[in-house]
């Protein structure tokens, strides 16, 4: 991807200045929400760091740039979870540390990118900390995180922190309006799409995959459970069989909005079915279920092997019992 998303440009301009000044630190912590495409600007930065001719960005023509563009540069290493729902383990960090200590294969700098850094377990974090305390020469560590507070304070203190600025609503709206998926001039339902206000790439995926129909199904299933005080078990199991983590995040936003509605601070006009739920769920109940859903979402994201469908059905049962 040659062109950066518009919300990434301010951060890239700051990094270009840092590159031009020759002041890229040995360890950087980049904080950004998932779904911002932050990986694109990190890739651009990494290419510039290893480029033989770079001033404030990669030249795009040297052998190093060719390797970067192909995704096979021997001095750029990404450390990622081995599979969804798993963390980053100590062996992965030890391997990254070994690469950091080795000489550059192309005679320049090495770049180690850890994403998402908050998924390092305790042993992995401690192994990385030892390396950051005595950083190797000509090596740059870049840690990407959506939750800085889950990192060891000692790791944070050894990194230069960079925060992706919040995505402005108008920037998101303008960008989405330019996308081919909206060429039919279908109106955007901002009431649900605001869930992705800080995750524009995820917002576009929501539209491209027509997830709006799934969102409406979720509203209907939740309203049915509340109205009839019975569990539509088969429908729930079918619905949550795919993308359960994302759909739990939708429920979390829904119950956050129910709380706001009780205080008349809802930002956008909501559909009638939402207002029906507000009448059926007290503020205190919405508050309790919101926090329960937050915990459930965190557990599903960070622990592999959990039975998501069972846990979600259990939550729906608690919704009935609370009425």
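In my numbering, the protein residues as written are 52 to 374. C-beta: ideal position from N, C-alpha, C; glycine also. Since the structure is predicted, the reported quantities are computational estimates derived from the model, not experimental observations.
- Cβ neighbours of residue 258 within its own chain (closer than 6 Å, five residues either side excluded): 232.
- Residues of the same chain with a CB within less than 7 Å of the CB of residue 309, apart from the 5 flanking positions on each side, are 328, 329, 332, 337 in chain order.
- By the Cβ rule, the stretch 273-290 does not count as touching the stretch 310-322, because fewer than three pairs are nearer than 8 Å.
- Residue 284 carries a helical assignment under DSSP once its states are collapsed to helix, strand and coil.
- In this chain, the beta strand (DSSP E) harbouring residue 213 covers 211-214.
- Contact annotation: residue 220 and residue 254 have beta-carbon atoms that are not nearer than 8 Å.
- For residue 137, the CB contacts under 6 Å within the same chain, skipping 5 residues up- and downstream, are 355 in chain order.
- As DSSP reads the structure, residue 149 sits in no beta bridge.
- Per DSSP, residue 192 is not a residue of any alpha helix (DSSP H); the beta strand (DSSP E) it occupies stretches across 190-196.
- Residue 90 holds the alpha-carbon nearest to the alpha-carbon of residue 252 among 75, 71, 65, 90.
- Annotation: residue 205 to residue 178 spans about 12 Å, alpha carbon to alpha carbon.
- Within the DSSP secondary-structure output, residue 128 pairs in a beta bridge with 163.
- As computed with DSSP, residue 78 is found in a beta bridge with 192.
- If you draw a straight line from the Cα of residue 214 to the Cα of residue 279, it is about 46 Å long.
- With contacts defined as CB atoms closer than 8 Å, residue 168 and residue 195 qualify as a contacting pair.
- The C-alpha of residue 212 lies about 43 Å from the C-alpha of residue 274.
- Between residue 270 and residue 306, the C-beta spacing is not below 8 Å.
- Among the bridge pairs identified by DSSP, residue 139 is matched with 171.
- By the neighbour-count definition (other C-beta atoms within 10 Å, threshold 16), residue 134 is an exposed residue.
- Around the beta carbon of residue 126, 16 or more other beta carbons sit within 10 angstroms, so the residue counts as buried.
- A distance of 8 Å or more separates the beta carbons of residue 368 and residue 277.
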